[in-house]
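Enquirer: The following block contains the structure, expressed as structure tokens.
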Amino acid sequence: MTSFGERIAAAHLALESIAAGTVRPSRLILWLDDPAAIEHPTPGLRRLARRGLEIRATIDDGPHKKYYPYVQSVTSHRIPLVTADDDWMFPRRWLETLMRAHASDPSTNTTHRARRIPIIDGAVAPYAEWGRIGAGTASARNLATGGWGHVLVPRMLDALRGRHSEFRCAAPRADDIWLHRVAVESGTAPKSVGRYDHRHILHLPIGAGPTLAEGNVEHGGNDRQIEAAWTPEVLDRIVNAD
1 MTSFGERIAA
11 AHLALESIAA
21 GTVRPSRLIL
31 WLDDPAAIEH
41 PTPGLRRLAR
51 RGLEIRATID
61 DGPHKKYYPY
71 VQSVTSHRIP
81 LVTADDDWMF
91 PRRWLETLMR
101 AHASDPSTNT
111 THRARRIPII
121 DGAVAPYAEW
131 GRIGAGTASA
141 RNLATGGWGH
151 VLVPRMLDAL
161 RGRHSEFRCA
171 APRADDIWLH
181 RVAVESGTAP
191 KSVGRYDHRH
201 ILHLPIGAGP
211 TLAEGNVEHG
221 GNDRQIEAAW
231 TPEVLDRIVN
241 AD
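Pasting the structure below:
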């Protein structure tokens with residue numbers, strides 16, 4: 001997980017909801033690019049740190065901060081990584097449910113929430129037309145929207161490590177778009193759990209100003225970054241996927 005700015009003051013709520021789950025992660029890491037916030041954590045983060053939360057420093061790579069520094073910290077990955085966003089409170093069985101679905105096919109990524117990529121006249125439709133799906137098997141036409149939880153398998157993590165910081169040019173503000181490119185290339189495109197909705201995963205209305213989602217979804221940012229990030233080979237695999 002990562003956080004920034006005034007959102008850091010409430011990040012402990014999302015982390016606490018994960019720590020209170022029926023299944024707990026072996027490590028819980030919060031990546032921050034704010035030296036003051038690392039040196040002087042909020043009371044909520046201090047409590048979590050005493051229980052094992054790792055508050056780690058990184059540079060500002062926007063939404064990519066939640067996975068990129070970890071990916072680069074391991075030479076060869078052996079266990080999956082689960083990412084989630086800092087502005088949600090998760091139900092107690094959130095991680096249990098996610099990992100149970102992951103175990104059904106450990107070779108592919110798993111997401112609680114996904115959008116189906118529609119194909120119109122042999123081409124990918126604009127992002128605004130991509131509808132959310134329920135439970136579904138792994139497919140290059142499933143784009144994980146990872147804020148609710150996204151399992152990245154070791155093969156995917158190694159592929160990301162090999163790509164280094166290419167995302168900074170291709171999709172600097174759209175981690176979901178970049179992750180899907182690498183998932184398609186590495187043969188790990190996701191399956192969807194589809195169990196939860198907004199009645200179960202509660203949004204924390206924190207921070208001011210335009211959100212990343214507003215810029216990417218409502219103002220066409222995802223379409224621009226898709227054009228920059230997805231190669232003809234990736235697009236061909238998506239168009240021809242089930």
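Per UniProt numbering, residue 1 is the first one in the sequence shown, and the count goes up by one each step.
Note that beta-carbon positions come from the ideal geometry of N, C-alpha and C, so glycine has one too.
Assign Gly-131 to buried or exposed, taking buried as 16 or more other Cβ atoms, counted over all protein chains shown, within 10 Å of its Cβ.
Expert: Taking the sequence shown and counting its residues from 1, one reaches residue 131 at position 131. Burial call: exposed.
Enquirer: Within the chosen definition, does the region 179 to 186 reach the region 143 to 153 through at least 3 CB pairs nearer than 8 Å?
Expert: Yes, they touch.
Enquirer: Skipping 5 residues on each side, what residues in its chain have a beta carbon closer than 8 Å to that of Ile-201?
Expert: Sequence index remark: in the sequence shown, residue 201 carries index 201 (1-based). So the qualifying residues of the chain are Trp-88, Met-89, Phe-90, Pro-91, Trp-94, His-112 and Trp-148.
Enquirer: Grouping DSSP H, G and I as helix and E and B as strand, with all else coil, what is Ser-73?
Expert: Looking up residue 73 in the sequence shown gives position 73. Of the three classes helix, strand and coil, the one that applies to Ser-73 here is helix, per DSSP.
Enquirer: Among residues of its own chain, excluding the 5 on either side of Arg-78, which ones have a beta-carbon nearer than 7 Å to its beta-carbon?
Expert: Working through the sequence shown from its first residue, we reach residue 78 at position 78. Counting only Cβ-Cβ distances below 7 Å, and skipping sequence neighbours, we find Pro-154.
Enquirer: Count the other CB atoms within 10 Å of the CB of Ala-57; is the residue buried (16 or more) or exposed (fewer)?
Expert: By 1-based counting over the sequence shown, the position of residue 57 is 57. The residue in question, Ala-57, is exposed, as its Cβ has fewer than 16 Cβ neighbours within 10 Å.
Enquirer: Tell me which same chain residues have a C-beta within less than 8 Å of the C-beta of Arg-24, skipping the five on either side of it?
Expert: As a first step, residue 24 is located in the sequence shown; it is residue number 24 there, counting from the start. Excluding residues within five positions, the ones whose Cβ falls inside 8 Å are Ile-18 and Leu-95.
Enquirer: Taking DSSP as the reference, what is the three-state secondary structure of Met-1?
Expert: Along the sequence shown, read from residue 1 onward, the residue named residue 1 stands at position 1. The answer is coil: DSSP assigns Met-1 none of H, G, I, E or B.
Enquirer: List in chain order: all unbroken beta strand (DSSP E) runs of 3+ residues lying wholly within the region 80 to 133.
Expert: Whole beta strand (DSSP E) segments, 3+ residues: 81 to 83, 114 to 116 and 131 to 133.
Enquirer: Give the DSSP bridge partners of Ser-192, in chain order.
Expert: By 1-based counting over the sequence shown, the position of residue 192 is 192. Looking at the DSSP assignment, Ser-192 forms a beta bridge with Thr-111 and Gly-136.
Enquirer: Would you call Ser-73 buried or exposed, if buried means 16 or more other Cβ atoms sit within 10 Å of its Cβ?
Expert: Translated into positions along the sequence shown, residue 73 becomes position 73. With fewer than 16 other Cβ atoms within 10 Å, it is exposed.
Enquirer: Applying the 10 Å Cβ sphere with the 16-neighbour rule, what's the burial state of Asn-240?
Expert: As a position in the sequence shown, residue 240 is number 240, starting the count at 1. It is exposed - the Cβ of Asn-240 has fewer than 16 other Cβ atoms within 10 Å.
Enquirer: Using C-beta distances below 6 Å, list every residue in its chain close to Asp-85, excluding the 5 sequence neighbours before and after it, in chain order.
Expert: Within the sequence shown, the letter at position 85 stands for residue 85. Once the five neighbours on either side are set aside, the close Cβ partners of Asp-85 are Gly-147.
Enquirer: Nearest by alpha-carbon distance to Ala-114: which of Met-99, Ala-125 and Tyr-196 is it?
Expert: Translated into the one-based positions of the sequence shown, residue 114 becomes position 114. Taking only the C-alpha atoms, the option nearest Ala-114 is Tyr-196.
Enquirer: Based on Cα-Cα distance, which residue from Glu-166, Met-1 and Asp-236 lies nearest to Asp-121?
Expert: Your numbering for residue 121 matches position 121 in the sequence shown. Nearest option by C-alpha distance: Asp-236.
Enquirer: Expressed to the nearest angstrom, what Euclidean distance is found between the alpha-carbon atoms of Thr-75 and Pro-205?
Expert: Against the sequence shown, residue 75 aligns to sequence position 75. Against the sequence shown, residue 205 aligns to sequence position 205. If I take the Cα positions, the gap works out to 37 Å.
Enquirer: How about His-64 and Asp-223: do their beta carbons lie closer than 9 Å?
Expert: As a first step, residue 64 is located in the sequence shown; it is residue number 64 there, counting from the start. As a first step, residue 223 is located in the sequence shown; it is residue number 223 there, counting from the start. Cβ distance not < 9 Å, so His-64 and Asp-223 don't count as in contact.
Enquirer: What's the C-alpha gap between Arg-116 and Thr-137?
Expert: As a working mapping, residue 116 is identified with position 116 in the sequence shown. As a working mapping, residue 137 is identified with position 137 in the sequence shown. Rounded to whole angstroms, Arg-116 to Thr-137 spans 12 Å at the Cα level.
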